[in-house]
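A.B. asks:
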Amino acid sequence: MATSSNFMDMAKLAPTLPLERRCPPFPLRQFRGFWMPEGLFPALETIHSRFQTRPSDIFLACFPKSGTTWLKALGFATVNRREHPPSGEDHPLRLHGPHDCVKFFEPSIAAAGGSEDVFAAFPSPRLLSTHIPYSLLPEHITADSSGCRIVYVCRDPKDTLVSSWLFSKKASAAGNVELLKPASYTINEALELFCDGRCVTGPQWRHVVEYWEESQRRPEKVLFLRYEDMLREPARNVKKLADFIGYPFSGEEEAAGVVDAIVELCSFDHLRSLEVNKTGVLEVGFTIGNKSFFRKGVAGDWINYISPEMAAKLDGVVGEALRGSGFRFDAVGDST
Ligand code: A3P
Numbered sequence: 001m002a003t004s005s006n007f008m009d010m011a012k013l014a015p016t017l018p019l020e021r022r023c024p025p026f027p028l029r030q031f032r033g034f035w036m037p038e039g040l041f042p043a044l045e046t047i048h049s050r051f052q053t054r055p056s057d058i059f060l061a062c063f064p065k066s067g068t069t070w071l072k073a074l075g076f077a078t079v080n081r082r083e084h085p086p087s088g089e090d091h092p093l094r095l096h097g098p099h100d101c102v103k104f105f106e107p108s109i110a111a112a113g114g115s116e117d118v119f120a121a122f123p124s125p126r127l128l129s130t131h132i133p134y135s136l137l138p139e140h141i142t143a144d145s146s147g148c149r150i151v152y153v154c155r156d157p158k159d160t161l162v163s164s165w166l167f168s169k170k171a172s173a174a175g176n177v178e179l180l181k182p183a184s185y186t187i188n189e190a191l192e193l194f195c196d197g198r199c200v201t202g203p204q205w206r207h208v209v210e211y212w213e214e215s216q217r218r219p220e221k222v223l224f225l226r227y228e229d230m231l232r233e234p235a236r237n238v239k240k241l242a243d244f245i246g247y248p249f250s251g252e253e254e255a256a257g258v259v260d261a262i263v264e265l266c267s268f269d270h271l272r273s274l275e276v277n278k279t280g281v282l283e284v285g286f287t288i289g290n291k292s293f294f295r296k297g298v299a300g301d302w303i304n305y306i307s308p309e310m311a312a313k314l315d316g317v318v319g320e321a322l323r324g325s326g327f328r329f330d331a332v333g334d335s336t
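Quick note on full-length UniProt numbering: the sequence shown kicks off at 1 and runs consecutively.
(1) Going along the chain, which residues put their C-beta within less than 7 Å of some heavy atom in the ligand A3P?
(2) When the Cα atoms are used, what is the spatial distance from F329 to G319?
(3) Would you say A311 lies against chain B (beta-carbon separation less than 8 Å)?
(4) Using only CA atoms, which one of T46, I187, D269, R81 lies nearest to A256?
(5) Quick one: using the 10 Å Cβ neighbour count with 16 as the cut-off for buried, is R206 buried or exposed?
(6) What's the gap between the Cα of F105 and the Cα of S129?
(7) Do you know how far the Cα of L241 is from the Cα of L93?
(8) For the beta strand (DSSP E) that Y152 lies in, which residues bound it at each end?
(9) Is it buried or exposed, G75, if we count other Cβ atoms within 10 angstroms and call 16 or more buried?
(10) Would you kindly report the start and end of the unbroken beta strand (DSSP E) that includes M36?
(11) If you draw a straight line from the C-alpha of I150 to the C-alpha of G39, how long is it?
(12) Report the rounded CA-to-CA distance for P42 versus L136, giving the unit in angstroms.
(13) Counting only runs of 3+ residues fully inside the region 34 to 104, write out the beta strand (DSSP E) ranges in chain order.
(14) To the nearest angstrom, report how far apart S172 and F286 are at their CA atoms.
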């Protein structure tokens with residue numbers, strides 16, 4: 001199999017890599033242990049060779065369906081709170097979807113043709129969201145010397161699987177002909193593929209553990225959050241996020257209720273109730289309704305979709321894969 005040590009000629013490399021077409025909405029190619037959407041390979045090359053990192057860049061990283069939308073809203077509201085107070089009627093998050101306020105990194109480059117650094121003209125500080133596994137990020141982002149920071153959110157794999165299965169079905173029903181539209185895609189099929197690591201940027205546990213290990217090694221570079229902790233203690237996690245990205249709340253702000261206002265602005269119920277998130281659409285290489293990103297927003301909803309046996313199978317696969325790593329999905333409150 002061909003390999004690329006320096007992420008050059010990725011468009012030529014992609015067709016030589018193992019292919020997976022059973023996991024909608026994208027054909028996937030296995031690269032360095034991860035199943036990446038085929039259409040993103042040219043963007044990976046651009047990110048490695050042409051993207052100019054700035055010390056003020058903040059990358060919001062997640063495995064898909066683990067809290068990206070929420071993290072984008074919280075990050076945007078926190079960084080921009082002086083210009084846009086969270087309780088303001090015309091706050092950008094009341095008028096635009098979180099994915100319009102914080103762009104997807106690699107899909108935006110791919111959607112523009114793959115070869116251009118579409119973020120070059122963006123003002124600092126740039127908030128960019130990515131699903132790229134840690135080990136596939138360029139050194140000019142991961143190096144200490146880059147100065148930029150990475151915030152990661154992880155989620156229980158069973159909820160991630162269910163959220164991803166439901167979202168994939170909606171995405172593949174979108175009008176674009178180039179998306180995979182399998183005749184059948186049952187939760188059983190999705191589970192089998194997920195357990196085999198065959199899903200967008202999977203294996204999920206490896207994606208999570210790479211960022212977690214880096215957060216343990218360099219807590220000043222990578223902040224590791226958990227979706228379930230964020231649901232339990234949103235204000236505490238927003239403060240942690242703000243401290244980490246260099247926008248700490250002052251005592252006066254806390255006393256004035258700014259943290260709570262950000263939590264409220266970005267809450268699932270509030271964002272979902274906004275007109276833009278009910279009827280707006282997102283263009284990100286394909287077209288999907290903003291409402292697809294707001295389903296239930298709780299922990300443990302997997303129980304309504306998969307049997308205890310299916311859950312035990314996934315837990316077993318994940319437990320085995322994580323053996324010796326020191327990481328646990330069910331650890332509570334250790335996200336420092
Ligand atoms: P469910 O499908 O379990 O409801 P992503 O943003 O990475 O695509 O993840 C989507 C998941 O996050 C969906 O989970 C969605 O409902 C949930 N979500 C979206 N916005 C949220 C918010 N503000 N608070 C909590 N969960 C949110």
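Heads up, the beta-carbon is just placed ideally off N, CA and C, and yes, glycines get one too. Only a predicted model underlies this, so the values are computations on that prediction, with no experimental measurement involved.
C.D. replies: Result, derived from the coordinates:
(1) C62, P64, K65, S66, G67, T68, T69, W70, A73, D159, V162, S163, L166, F167, L231, C266, S267, F268, L271, F293, F294, R295, K296, G297, V298, D301
(2) 9 Å
(3) You won't find chain B in this structure, because it holds only one protein chain.
(4) R81
(5) buried
(6) 5 Å
(7) 18 Å
(8) 149 to 154
(9) buried
(10) 34 to 37
(11) 24 Å
(12) 13 Å
(13) 34 to 37, 58 to 62
(14) 10 Å
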